[in-house]
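Chains R and B, in that order, are what the protein sequence lines are.
Going by this note's numbering, the residue at position 178 of the first sequence is 305; the numbering climbs one at a time, nothing skipped.
Going by this note's numbering, the residue at position 2 of the second sequence is 129; the numbering climbs one at a time, nothing skipped.
No residue lacks a Cβ here, since even glycine has one placed at the ideal position from N, Cα and C.
Source: prediction; values computed, not measured.
2 protein chains.
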Amino acid sequence: MRLPPSRKRVTIRDVARFARVSHQTVSRFINGVDHIAPLTRRRVEQAVAKLGFHPSHIARSLVSRQTKTVGLVMGDVASPFFPDVARGAEDVLAAAGYCLILSSSRRDPERELRNVRHLLERSTDGLILGAPRCPPDELAAMARRAGIPMVFLNREVKGSHVAAVWIGWPAATAEVVAYLAGLGHRRIALVVPSRSDARVGNREDWYRPALAQAGLGPDRALIFRDAMSLEGGYAAGQRLLALDRRPTAAICHNDVMAIGLLQACAERQVRVPHDLSIVGWDDVPYASLVTPPLTTVRVPRYELGQAAARRLLDLMAGRPVHLPELPLALELVRRQSCRPPGGGSSGTRGFRSGASDSVVKGGARRTRRSSSSSSS
Amino acid sequence: MRLPPSRKRVTIRDVARFARVSHQTVSRFINGVDHIAPLTRRRVEQAVAKLGFHPSHIARSLVSRQTKTVGLVMGDVASPFFPDVARGAEDVLAAAGYCLILSSSRRDPERELRNVRHLLERSTDGLILGAPRCPPDELAAMARRAGIPMVFLNREVKGSHVAAVWIGWPAATAEVVAYLAGLGHRRIALVVPSRSDARVGNREDWYRPALAQAGLGPDRALIFRDAMSLEGGYAAGQRLLALDRRPTAAICHNDVMAIGLLQACAERQVRVPHDLSIVGWDDVPYASLVTPPLTTVRVPRYELGQAAARRLLDLMAGRPVHLPELPLALELVRRQSCRPPGGGSSGTRGFRSGASDSVVKGGARRTRRSSSSSSS
DNA sequence: CTTGCTAGTGTGACCGGTCACAACCTCCCG
DNA sequence: CGGGAGGTTGTGACCGGTCACACTAGCAAG
């Protein structure tokens, strides 16, 4: 079990002996607290340098009962959410002297449970959970039992013991609908996953009031459910485009489904945005790379990570809720997949529109199109 | 410093007292070693369950000098490499009872150094380093000083003390060149980053022999250097397309540059692959989503993670090199951005080709095109 | 009966820090 | 000159496990 003795570790007592002081004085030195006589400090300083002493985090954790480490568990490292959230959280935590450790559950509830338990046992001081696959109550209960604060990301959780950081989906949904309505669209479809997304819940529920707000009645026939994937978006698109009275615009649950829809359109020679305007959701890195560049909703991923970290720091310090559970704002990124309905025949008959758009530099820049302007 | 006493932790001695045995017997029980009388085992078992005892990893680490934790430091969590490598490594390590902790240096050498030092001090048992920004020798020296084995990912490092896992770039370069030459291309351009990529070194150096092998002479004028980014690829493309005698094919350093080039082509109404065949590198998730779907080289990211983990396990166990530093094989993914040069005018004059290709289901499936076949 | 071996269990030190507390010194004030 | 205050340092316990070793009982072999 034990490693080969190798080079024995330099301990605080070795330093003490070398500097002819007590181990406690060395401890004081490395923690920079208490008063140490300048001469003593010098001696200890030299001893530390000479012996190449590094304090052991483990020993320190054992007694202080703090690891200065926070775990971030996400459903999917490959998701475009992960890196930005991690960066946001890390920046805040690092500033407070904490180290962030990342963990992926791969969308597998069992693995998630295992990882969370693992982190709890390894005594992270706190946990941030994104898009949990397990029942949040259960996870929260585990954390409470272990006495470790936990913040849920991007998810509303009932129950007083659970903290969460939350995004203003409903408001953004309203904004998207208002944008399309403002362009003149009256028949707006919704492409959503069959099962509700753990991350954001049922987007439909926000769709209804948003439509009402824009003066449009909800239309059951314009809600298309399918798998939350490229294929799902494609399949939903097939059904959508087969309709006699097609919608003139579609809001997709996320960019991936939107791109699937885009492909269904390309296959049926339906021009985007001339024949159908499409809005995605998330602003994934390649949303600006598809043809045409996708109008979508940017989610403040980085800020979300920051907020979660701040919330967790408060919790760990036992501070009262410093950050109210305010929803973070979203931003509509207007690219080239939307325009007023019934656009004139702009000459690209039979071919995909937007072919000449360049998306270099983020893609949200130039519009350079011959036909009608997309009002603001 | 110390947390509020909360609910005092249940220790091994509490369990021992409850079960009326010695703490050592409990230790034996939780480690499942040695012989314990069935009756005693039962008592301890019950005590553990009743008291809700969980052993402290920290205390265990302190004495065993092992944390059963491995760190993975990557230059960029957002890179398409990261998730797959992490998954590969995690799978192997988890099977050996190790926990993987992820860390991102955000392409910042200073941050990288800090993170590595941090992990070293936190006593991870081993480290995997991907695409280091700092001089690898320096990092290796740090690790050696700390007595912690380290494996470099995807990078050839000189020096006997440094282990590395390595990919067969040269062979794959040759394969790509052979593929294009086989299609009939004679003027093949290379779009590379201005500064050599830490990850793969100078791809040019493998390009030359690969060309020679295909019976083609190197042509200095056909090497285009620019930033390793979408914009870089775009800019290089501008220069490439401005040439009088244009190349008929281009190999790009990675998919991102390839997509930039693709955009330059679209803007100049240069048809891909009719007027220019393009090969990318990496097979990023959206390589199949652009127009036309990109022919590229799949890098065995998952396998790379696995190999690194296995290598590290050997190192940590003091085992001899069980895995030779064999390069992992790459795979050419043929999509729709390549075809023989000088393709006939297939009627899509002035517009981007490949518009009707569907890429649902990974994109490498259907080809369904009117014009000539792309031989194998 | 002694010896040796094995299974089963207990004792106390130890890992490398921090904490509580005491001891000492110096200085200043009444 | 006594005594409190405050700066500086040392002592030993402690965090929660593991390790080395000692010890006992039971049984077979010599």
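For R:Ile405, the enclosing beta strand (DSSP E) covers residues 404-406. By the rule that beta-carbons nearer than 7 Å mark a contact, R:Val417 touches chain B.
DSSP places B:Asp161 outside both helix and strand once states are collapsed to three, so it counts as coil.
Of all alpha-carbon atoms in B:Thr375, B:Leu307, B:Ile185, B:Pro320, the one lying nearest the alpha-carbon of B:Gly359 is that of B:Pro320. Closer than 8 Å at the C-beta level to chain B, one finds these residues of the stretch 230-262 of chain R: Ser230, Ser231, Arg233, His245, Glu248, Arg249, Ser250.
Considering only beta carbons, the part of the stretch 175-189 of chain R lying closer than 9 Å to chain B consists of Gly179, His181, Pro182, Ser183, His184, Ile185, Ala186, Ser188, Leu189, in chain order.
With a cut-off of 8 Å on Cβ pairs, the stretch 200-211 of chain R is not in contact with the stretch 159-171 of chain R, counting fewer than three such pairs. Residues of the stretch 207-220 of chain B with a Cβ closer than 8 Å to any Cβ of chain R, in chain order: Phe209, Pro210, Asp211, Ala213, Arg214, Glu217. Within a 10 Å sphere around the beta-carbon of B:Arg169 sit fewer than 16 other beta-carbons, which makes this residue exposed. Burial state of R:Gln151 is exposed, judged by a 10 Å Cβ sphere holding fewer than 16 other Cβ atoms.
Flagged as an interface residue toward chain R: B:Cys226, by a C-beta distance shorter than 7 Å. Bounds of the alpha helix (DSSP H) holding R:Arg437 are 428-444. Beta-bridge partners of R:Pro467 (DSSP): none assigned.
With distances taken between CA atoms, B:Val460 lies nearest to B:Leu421 out of B:Val175, B:Leu421, B:Met269. With 16 or more other Cβ atoms from the protein chains shown falling within 10 Å of its own Cβ, R:Gly198 counts as buried. R:Ile228: not part of any alpha helix (DSSP H); member of the beta strand (DSSP E) spanning 226-231, first to last residue. Every beta strand (DSSP E) of 3 residues or more that sits fully in the stretch 201-267 of chain B is shown, in chain order, as 226-231, 253-257. Using a Cβ distance threshold of 7 Å, B:Ile294 and B:Leu439 do not count as a contacting pair. The three-state reading of DSSP puts B:Leu343 in coil, since its state is none of H, G, I, E or B. Look at B:Val204: its C-beta is under 7 Å from a C-beta on chain R. By the 16-neighbour rule on beta-carbons within 10 angstroms, R:Glu217 is buried.
In this structure, the alpha-carbon of R:Leu370 lies about 10 Å from that of R:Ala348. Beta-bridge partners assigned by DSSP to R:Val292: R:Leu280. The stretch 399-411 of chain B makes contact with the stretch 298-313 of chain B: 3 or more CB pairs, one atom from each, lie closer than 8 Å. Residues of chain B whose Cβ lies closer than 8 Å to the Cβ of R:Ile386 are, in chain order, Leu416. Taken residue by residue, none of the stretch 298-327 of chain B has a beta-carbon sitting less than 7 Å from a beta-carbon on chain R. Between R:Trp333 and R:Pro297, the gap from beta carbon to beta carbon is short of 7 Å.
Taking the Cα of R:Ala339 as reference, the smallest distance to any Cα among R:Thr300, R:Arg271, R:Ala376, R:Met355 is reached at R:Thr300. With fewer than 16 other Cβ atoms from the protein chains shown falling within 10 Å of its own Cβ, B:Pro262 counts as exposed. Taking CB atoms only, R:Tyr429 has no neighbour in chain B less than 7 Å away.
Residues of the same chain with a CB within less than 7 Å of the CB of R:Ala435, apart from the 5 flanking positions on each side, are Ala216, Ile255, Val278, Leu280, Val292 in chain order.
In terms of beta-carbon proximity, R:Tyr334 stays away from the interface with chain B, with every pair separated by 7 Å or more.
Looking at the backbone, the Cα of R:Tyr429 and that of R:Ala213 are separated by about 8 Å.
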